[in-house]
Amino acid sequence: MFKIFKKNRLSKSQFLISYILILGIILIIGMALYYATYRQVNNGIHQQNRQALSSAIAEMDDTLALMSAAARQVASNREFNQLSQLTSSADPDFFYRAFAAQTGLKSLTPVEFLLPTASSYLYMGNSNYIISPSRFVNFDSYVRYDSNYDIGSETLRP
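Residue numbers for the sequence shown, in my numbering: 1032 to 1189.
This is the structure:
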């Protein structure tokens, strides 16, 4: 009987050791799968970030090319150049030239809609006016009445 009890005890300890080993192997496999999945997800996130950044850079390059084209068109606009040289609105041709320049800027309106800005205008420092395809107004009046934010004119001056 003593031998049976010893044999039973040995079989229980063998069962316990084998159970611990099986649990250990399952734990090691689980950790390996966790780290493999973690690395794969981490690499996927980095790759997705790189692709998003590359897309944003390409979009920014396209936008800058559009802005450059618009700036070249404005710089070559004879009416706008003549208007920007005037220093006072008291000149008799000032408002006529402003109308002609504004008409010329309307050809840039499709480009303006492609830009990532809510509204764009050109500031003429000599006369303190702003001009866009849709408006021609004194800069101080624009800041006081038309701007969306409560800011001072000294903040917006270039």
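Idealized CB from N, CA, C, for every residue including glycine.
The beta strand (DSSP E) runs of length 3 or more contained entirely in the stretch 1051–1123 do not exist; there are none. When secondary structure is reduced to three states using DSSP, Y1152 falls in the coil class, being assigned neither helix nor strand. The Cβ-Cβ distance between S1107 and M1155 does not fall below 8 Å.
In terms of Cα proximity to F1111, the closest of F1130, I1059, N1169 is F1130.
Around the beta carbon of I1053, fewer than 16 other beta carbons lie within 10 angstroms, which makes this residue exposed. In this chain, the beta strand (DSSP E) harbouring Y1160 covers 1160–1162. If you ignore the 5 residues before and after G1135, its C-beta comes within less than 7 Å of the C-beta of N1108, E1110, F1111, all in its own chain and listed in chain order. Annotation for R1128: the continuous alpha helix (DSSP H) segment containing it runs 1125–1136.
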